[in-house]
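Engineer:
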Amino acid sequence: MSTDTSPRPQAAAPPATTTKPVVQPGDRVFSGLAKGSGILILVVLAGVAAFLIAQSLPAIAAPADEIQGGGGFVVYVWPLVFGTLLAAVIALVIATPLSVAVALFITHYAPRRLAAALGYVIDLLAAVPSIVYGLWGAYTFSIASVPFLLWLEENLGWIPLFAGPASNAGRAMLVVGAVLAIMILPIITAVAREVFLQTPKLHEEAALALGATRWEMIRMAVLPFGRSGIISGAMLGLGRALGETMAVALILSISGGVTFNLISNGNPGTIAANIALQFPEASGVAVNVLIASGLVLFLITLAINSLARYIINRRREFSGAN
Amino acid sequence: MVEGRRKATDRLVTTVVTSAFLLALLPLVSVLWTVISNGLTRFDAEFFTSSMRGVVGEGGGVYHAILGTLIITALAALISIPIGLLTAVYLVEYGKNSRLARSITFFVDVMTGIPSIVAGLFAVALFTLLLGPGARLGFAGSVALSVLMIPIVVRATEEMLKIVPNELREAAFALGVPKWRTILKVVIPTSVAGIASGVTLAIARVIGETAPLLVAVGVTTGVNLNPFDGRMATLPVFSYFSYATPGVPREPYLDRAWAAALVLIIIVMVLNLLARLIARAFAPKTR
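Those protein sequences? They're chains W and B, same order as listed. According to our numbering, the first sequence is numbered sequentially starting from 1. According to our numbering, the second sequence is numbered sequentially starting from 1001.
(1) State the Cα-Cα distance for the pair Leu351(W) and Ile39(W), rounded to the nearest angstrom.
(2) Whole angstroms are fine: how far does the CA of Gly170(W) sit from the CA of Ala144(W)?
(3) Are there 16 or more other CB atoms within 10 angstroms of the CB of Ser293(W), so buried, or fewer, so exposed?
(4) Compare the C-alpha of Met1052(B) against each of Asn1272(B), Val1031(B) and Leu1235(B) and name the closest.
(5) So which residues of chain W does Glu1009(B) contact, with C-beta pairs closer than 7 Å?
(6) What is the DSSP secondary structure of Asn288(W), reduced to helix, strand or coil?
(7) Output needed for Gln278(W): all residues of its chain with C-beta closer than 8 Å, excluding positions within five of it in sequence on either side, in chain order.
(8) Please go through the same chain and pick out, in chain order, the residues whose beta-carbon is closer than 8 Å to the beta-carbon of Ile1278(B), but skip the five residues on each side of it.
(9) Is the distance from the Cβ of Ala1244(B) to the Cβ of Ala127(W) below 8 Å?
(10) Hey, Ile300(W) and Arg240(W) are a contact pair by Cβ (cut 8 Å); roughly how many whole angstroms apart?
(11) Let me see if you follow: with CB-CB separation under 8 Å, is Pro14(W) close to chain B or not?
(12) Against chain W, which members of the region 1077 to 1107 of chain B pass a CB distance test of less than 9 Å?
(13) Are the C-beta of Val1270(B) and some C-beta of chain W separated by less than 8 Å?
(14) Using alpha carbons as the reference points, say which of Leu125(W), Ala62(W) and Leu104(W) lies closest to Val1031(B).
(15) Output, in sequence order along the chain, the residues in the region 1239 to 1263 of chain B whose CB is closer than 8 Å to any CB in chain W.
(16) Using only the heavy atoms of the ligand GTP, determine whether one of them is closer than 7 Å to the beta carbon of Phe1047(B).
(17) Below 8 Å on C-beta distance, what does Leu1274(B) contact in chain W?
(18) Residues of chain B with a CB under 8 Å from the CB of Leu242(W): which are they?
(19) For Leu1023(B), which of Leu307(W), Leu98(W) and Gly71(W) has the nearest alpha-carbon?
(20) Out of Asn1224(B), Arg1136(B) and Leu1091(B), which one is the CA nearest neighbour of Val1215(B)?
(21) I want to see whether chain B comes within less than 8 Å of Thr334(W), judged by CB atoms only; does it?
(22) Please report whether the beta-carbon of Ser1037(B) lies at a distance below 8 Å from any beta-carbon of chain W.
(23) Applying the 10 Å Cβ sphere with the 16-neighbour rule, what's the burial state of Tyr76(W)?
(24) When the Cα atoms are used, what is the spatial distance from Gly284(W) to Pro63(W)?
(25) Less than 8 Å between the C-beta atoms of Pro1082(B) and Met1111(B), yes or no?
(26) In three-state DSSP terms, what is Gly168(W)?
(27) Closest Cβ-Cβ distance between Phe1043(B) and chain W: below 8 Å?
(28) Hey, would you say Ile263(W) sits closer than 8 Å to Glu153(W), going by beta carbons?
(29) Any beta carbon from chain B within less than 8 Å of Tyr139(W)'s own beta carbon?
(30) Tell me the rounded alpha-carbon separation between Ser1050(B) and Ala178(W).
(31) DSSP three-state call for Asn1224(B): helix, strand or coil?
(32) Please identify, using Cβ separations under 7 Å, the residues of the region 1039 to 1068 of chain B that lie next to chain W, in order along the chain.
(33) Rounded C-beta distance between Leu180(W) and Ala249(W)? I'm assuming under 8 Å.
(34) Is the beta carbon of Met183(W) less than 8 Å from the beta carbon of Glu244(W)?
(35) Within a Cβ cutoff of 7 Å, which residues of the same chain sit near Ile53(W), ignoring the five residues on either side of it in sequence?
(36) Does the beta-carbon distance from Gly226(W) to Val176(W) come in below 8 Å?
Next up, the structure:
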C-alpha cells in the first residue's frame, strides 16, 4: 500500500522551513518523466477517440446510397450491432454459471494443494490466441456441434430461437456463442475466484458450525458476498465477447439479416468480424464506414466496461475483507 | 442409500461443480489436440526456413511471418514497457490520490477494455492521417499492439510496486537518498521479478493478436524486415489468410495455417511458462 512517504510535519518536528523536502534535479526529471508517461496515456486515448471520430465523419456525412446496402450508415450498422449483442449475450448466458461453478470448485472443492495449479490450467484457456480458437471452432467444434443443433431443431423447434433449419456445417450463432463463452470463461472465473477467496473466513466457519452442509455454507456466506464480483466479472467477460473478432469471422456464416434464429445458416454479422472480413478489400468511403462501425463498437464496450469497473470499485470500498 | 434431503443436495452440487470444471477443461484439451495433430504435418525444416515468395501449392513456409511477428512485437514492447513502467511509478510513488492519478487509473481500465480490432483501426486512422489512405506498415501494427499492451504493463507493475514494504523506502530516505534514486535502486529492484513476469505475460498476450495486425499491417508473401515501409507478414495473420482464402489445391494451405497456429501456441505457452519461472526464481524471499 502506498502511503505518504514524503516527510510529514509532526508535533515535535522542527519549524516547517527545514522539513520542506529537498527537491534534487534528478527528482524533478524522474518525476516529470513518470508524470509525462501517465499524461501520454491520456493523450493516446484521446487520440484514439479523436482519430476514430475524424475518420468516421465521412461515413456519417456520406449520402445514403454510397454506403453498402444503400440505406445509410444507421441501416448498415444496425444488424451488426444486433449480431454483436446477440453473440455476446449467448456467450454470457453459457459462460457465467459455468465460471461460477469452476471458481467454486477451485476455491472450495478442489484439494488445497491442487487449487493453484487448477487455477493456472483455467488461465491457460485465456492464453490461447483468438485465431487458434477461430481455427478450432471452424474446423472441429462447429462440425461436432451439428448433431446437437439437429436435436434442438427436432425437439425444441417450436421455440423461435431454435426454429432452424439447422446449419449442416454448424456455422450458426449458437455455436459462435459457445466458442465465445469458452474464451471469456477464464476472465469471469478469475474475478469470481478472487472474491470467493475474500469471503470472511468467520462467516464460512460460523455457517459450518451451525451445522450447514458445504453447499448451504456457500449459498449463505460465499455467494451473497461474491455477488457483485460475479456481476462485474460477467460484464468484463461481456466486454471481451463484444470485441472478439477472429473466432466470429472464421466460424459464423453471415447473411446480414436480423434474426433470433440461433441455429440456422442465416445470421447477422458482428461489428468486429465484419471489419476483419471487409477491411482488407475496402477502399474509399467503405473504409470510413468500417471505422465508424468500429467507433460504435468502442462506445458499446466502453459503456459496459465502465459499468463493470464502477461495480468493482464500489465494492472494494465497502469490502470488509482487507 | 439413506440420507437427508440436505445431504443429497450437497452431494448433487458437488457433482455439478466438479463436472463443470471438467467440462471447462474439455475445450482446452480439444484445442491443443486439434492444433498439434494438424500442425505437425508441416513441422519440417522447409517450413521454418522459407518464405511464401513465389510459392503456389505445396512447400513454402513461415520464415517471413516469424520474423515479422518478432519485429512488430519487439517494437510494441519497446514502446509499451517504458511508458507502462513510468506510469505505474507515477501512480504508486508520485501521484498518490491526485486527480490526475485517479483519471489515469480510470482510463487505463478503459484501455484494457478496448477491443483489439478497434486498436487496429486506431492505428489505421492515425497512419492514414500521416501517410495518406491505404498505408500499411509494420510500425502501425506495433502502435496498435502498444495500445493493448500498455494497460497490462501498467496494471502488473502497479500491483508489484504497491507490495514493496514502505519500511524499505523510509530506510532509504532516512539515509538521505533522494526519492528518484530510492525508486530506481530500492523499489524497482525489489519488485523486478514481478514486473518482469508481468511484462512477459503482456508480450504473450499481444503476440497472438490477429485482428489489429490484419487491418493495420496486412500480409505479404516475401521477407520484409523494415517495419517502416510496406506490408509485413505475421504468424496469426498468415494463419488466418491461409485458412480463410486457400488456393488450389486447398490442403497445403490448410496445413500451413495449422502449422503456423501451432508455432504461435508454442510461443505463447513458452512465454507464459517463462513468466512463471521468472516470478518464482527471482521472487523476494519473505521467510
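Cβ atoms here follow ideal geometry from the backbone N, Cα and C, with glycine treated the same way.
Structural biologist: Taking the structure as given:
(1) In this structure chain W extends from 1 to 322, so residue 351(W) is not present and cannot be described.
(2) Counting from one through the first sequence, the residue named residue 144(W) turns up at place 144. Counting from one through the first sequence, the residue named residue 170(W) turns up at place 170. Distance between the alpha carbons of Ala144(W) and Gly170(W) is about 8 Å.
(3) Here the question's residue 293(W) lines up with position 293 in the first sequence. Around the beta carbon of Ser293(W), 16 or more other beta carbons sit within 10 angstroms, so the residue counts as buried.
(4) Translated into the one-based positions of the second sequence, residue 1052(B) becomes position 52. For Met1052(B), the closest alpha carbon among the candidates Asn1272(B), Val1031(B) and Leu1235(B) is that of Leu1235(B).
(5) Here residue 1009(B) is taken as the residue at index 9 of the second sequence, counted from 1. The question names Glu, yet the displayed sequence has Thr at residue 1009(B). Under the 7 Å cutoff, chain W gives Trp215.
(6) Residue 288(W) sits at position 288 when you count from the first residue of the first sequence. Correct three-state label for Asn288(W): helix.
(7) Here residue 278(W) is taken as the residue at index 278 of the first sequence, counted from 1. Contacts found: Ala286 and Leu290.
(8) Looking up residue 1278(B) in the second sequence gives position 278. Hits under 8 Å: Ala1193, Ala1196, Ser1197 and Thr1200.
(9) Translated into the one-based positions of the second sequence, residue 1244(B) becomes position 244. Translated into the one-based positions of the first sequence, residue 127(W) becomes position 127. It is not a contact, given that the beta carbons lie outside the stated cut-off.
(10) In the first sequence, counting from the first residue as 1, residue 300(W) sits at position 300. In the first sequence, counting from the first residue as 1, residue 240(W) sits at position 240. About 12 Å; that fails the 8 Å criterion.
(11) Walking along the first sequence from the start, residue 14(W) turns up at place 14. In this predicted model, Pro14(W) has a pLDDT of only 46, less than 50, meaning its place in the structure is not dependable enough to derive any value.
(12) In summary, the residues of the region 1077 to 1107 of chain B whose CB is separated from some CB of chain W by less than 9 Å are Pro1082, Ile1083, Gly1084, Leu1085, Leu1086, Thr1087, Ala1088, Val1089, Tyr1090, Leu1091, Val1092, Glu1093, Tyr1094, Gly1095, Lys1096, Leu1100, Ala1101, Ser1103, Ile1104, Phe1106 and Phe1107, in the order they occur in the chain.
(13) The sequence position of residue 1270(B) within the second sequence is 270, counting from 1. Not one chain W Cβ lies under 8 Å of Val1270(B).
(14) Here residue 1031(B) refers to the residue found at position 31 when the second sequence is read from its first residue. Considering only alpha carbons, the answer is Leu125(W).
(15) Taking a C-beta cut-off of 8 Å against chain W, the contacting residues of the region 1239 to 1263 of chain B are Ser1239, Tyr1240, Tyr1243, Ala1244, Ala1257, Trp1258 and Ala1261, listed in chain order.
(16) Among the components modelled here there is no ligand, and therefore nothing to report on the ligand GTP.
(17) Your numbering for residue 1274(B) matches position 274 in the second sequence. Close partners of Leu1274(B) in chain W (Cβ separation under 8 Å) are lacking, with about 12 Å as the shortest Cβ gap.
(18) Working through the first sequence from its first residue, we reach residue 242(W) at position 242. Near Leu242(W) (Cβ distances below 8 Å), the residues of chain B are Pro1115.
(19) The count along the second sequence starts at 1 and reaches residue 1023(B) at position 23. Comparing Cα-Cα distances from Leu1023(B) to each of Leu307(W), Leu98(W) and Gly71(W), the minimum goes to Leu98(W).
(20) Residue numbering aside, residue 1215(B) sits at position 215 when the second sequence is read from its first letter. For the set Asn1224(B), Arg1136(B) and Leu1091(B), the Cα lying nearest the Cα of Val1215(B) is the one of Arg1136(B).
(21) Outside the shown range of chain W, which is 1 to 322, sits residue 334(W), and nothing can be said about it.
(22) Within the second sequence, residue 1037(B) is the residue found at index 37, counting from 1. So no, Ser1037(B) is outside the interface.
(23) Mapped onto the first sequence, residue 76(W) falls at position 76. Buried, since its Cβ has 16 or more Cβ neighbours within 10 Å.
(24) Numbered from 1 along the first sequence, position 284 holds the residue referred to as residue 284(W). Numbered from 1 along the first sequence, position 63 holds the residue referred to as residue 63(W). For the pair Gly284(W) and Pro63(W), the Cα-to-Cα distance works out to about 14 Å.
(25) Numbered from 1 along the second sequence, position 82 holds the residue referred to as residue 1082(B). Numbered from 1 along the second sequence, position 111 holds the residue referred to as residue 1111(B). Not a contact, by the Cβ cut-off of 8 Å.
(26) The sequence position of residue 168(W) within the first sequence is 168, counting from 1. In the sequence as displayed, the identity of residue 168(W) is Asn instead of Gly. DSSP places Asn168(W) in coil when its eight states are reduced to three.
(27) Residue mapping note: residue 1043(B) aligns to position 43 of the second sequence, counting from 1. Look at Phe1043(B): its C-beta is not under 8 Å from any C-beta on chain W.
(28) As a first step, residue 263(W) is located in the first sequence; it is residue number 263 there, counting from the start. As a first step, residue 153(W) is located in the first sequence; it is residue number 153 there, counting from the start. Contact: yes.
(29) Residue numbering aside, residue 139(W) sits at position 139 when the first sequence is read from its first letter. Closer than 8 Å: yes.
(30) Locating residue 1050(B) in the second sequence gives position 50, counting from the first residue. Locating residue 178(W) in the first sequence gives position 178, counting from the first residue. Answer to the nearest angstrom: the Cα atoms are 37 Å apart.
(31) Indexing the second sequence from 1 puts residue 1224(B) at position 224. For Asn1224(B), the secondary structure class from DSSP, reduced to helix, strand or coil, is coil.
(32) Per Cβ criterion, the list is empty.
(33) Position 180 of the first sequence, counting from 1, holds the residue named residue 180(W). Position 249 of the first sequence, counting from 1, holds the residue named residue 249(W). Contact flag wrong, Cβ pair sits at about 12 Å.
(34) Start at 1 with the first residue of the first sequence, and residue 183(W) comes out as number 183. Start at 1 with the first residue of the first sequence, and residue 244(W) comes out as number 244. In this structure, Met183(W) places its C-beta atom within 8 Å of the C-beta atom of Glu244(W).
(35) To locate residue 53(W), count along the first sequence from 1; it is residue 53. Answer for Ile53(W): Leu295, listed in chain order.
(36) Along the first sequence, read from residue 1 onward, the residue named residue 226(W) stands at position 226. Along the first sequence, read from residue 1 onward, the residue named residue 176(W) stands at position 176. Taking 8 Å as the cut-off, the beta carbon of Gly226(W) is found no closer than this to the beta carbon of Val176(W).
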